[in-house]
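Heads up, the sequence shown is in numbering that gives the first Met the number 0, so the first residue is 0 and it goes up one at a time.
Note that the Cβ used here is the ideal one computed from N, Cα and C, for glycine as well.
Note that this is a predicted model, so its numbers are computed, not measured.
This report refers to the structure that appears directly beneath it.
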Amino acid sequence: MFGRLRRAEQHIDQLQARIWKLEGLIAERAGVDGDELARLLVESDPGLTTEVRELAEQGQTVAAIRAYRVATGAGLKAAKDAVEAYAARLAA
Numbered sequence: 000m001f002g003r004l005r006r007a008e009q010h011i012d013q014l015q016a017r018i019w020k021l022e023g024l025i026a027e028r029a030g031v032d033g034d035e036l037a038r039l040l041v042e043s044d045p046g047l048t049t050e051v052r053e054l055a056e057q058g059q060t061v062a063a064i065r066a067y068r069v070a071t072g073a074g075l076k077a078a079k080d081a082v083e084a085y086a087a088r089l090a091a
């Protein structure tokens, strides 16, 4: 059972990486710069509330993940991935 779960998580991670790459390629072809793309990505995720964004920007990752989960009902992994992706976009 755990082996299937791990394989499914790996598959999801691979798909997510492909999506991020496609987002970048589409933005590039559309002439959208990195700042505009980051803004659009934030707007498209209802879990990235003002509270979550502020906590992530302050480096309070655990609190940001908790707030994301409360806002969306997402599981721990999905919330962690979303907050970490947001933080990575900030650092870029």
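Presumed contact (8 Å Cβ cut-off) between A63 and V41, rounded CB distance: Contact doesn't hold; Cβ gap of about 13 Å is too wide.
Start-to-end residues for the alpha helix (DSSP H) that takes in A37: G33 to E42
Range covered by the alpha helix (DSSP H) that runs through A73: Taken as a continuous stretch (DSSP letters only), A73 belongs to no alpha helix (DSSP H), as it is neither H nor E.
Span separating the alpha-carbon of S43 from that of F1: 32 Å
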